[in-house]
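In the numbering used here, the protein residues as written are 703 to 838. These notes are about the structure you will find just below.
Next up, the structure:
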């Protein structure tokens, strides 16, 4: 049985593996995809805990797809503190291939008096450019 120090180090390696995977990813990933693609032997609950910590720290964001699954991506251009970390860019989910991607287009998120906005979910659903090209 390992000491607290060993567990902490092992957990840090797992966290770095998840962050490295998201850094290399060309698209958003589900928790299942993350678990399958990292070389560490960890369970899905641990993956979800790490993802929740990364969201709270402002390192990653997620969007809920049409199928109810969460899709995660690394925050690349975020400069706000995590407390005010609102993602105002659009996401697109393809009805054909199922991929969810972050789009560069942004929307102005209104400041609502007497409301505290914690997150935004901006999802467009349709056919992606890859699938449109394949079908023409």
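All C-beta atoms, glycine included, are put in the ideal place defined by N, C-alpha and C.
In the DSSP secondary-structure assignment, residue 776 is bridged to 762. Note on residue 817: under 16 other CB atoms within 10 angstroms of its CB, so exposed under the neighbour-count rule. Counting along the chain, residue 804 sits inside the beta strand (DSSP E) bounded by residues 802–808. Around residue 833, the same chain offers 796, 798 and 799 as residues with beta carbons nearer than 8 Å, after the five sequence neighbours per side are excluded. A check of alpha carbon separations from residue 738 across 764, 719 and 792 identifies 719 as the nearest. DSSP places residue 736 in the uninterrupted alpha helix (DSSP H) bounded by 733–739. The three-state secondary structure of residue 724, taken from DSSP, is helix.
The Cβ atoms of residue 805 and residue 725 do not sit closer than 9 Å to each other. A straight line joining the alpha-carbon of residue 730 with that of residue 812 spans about 26 Å.
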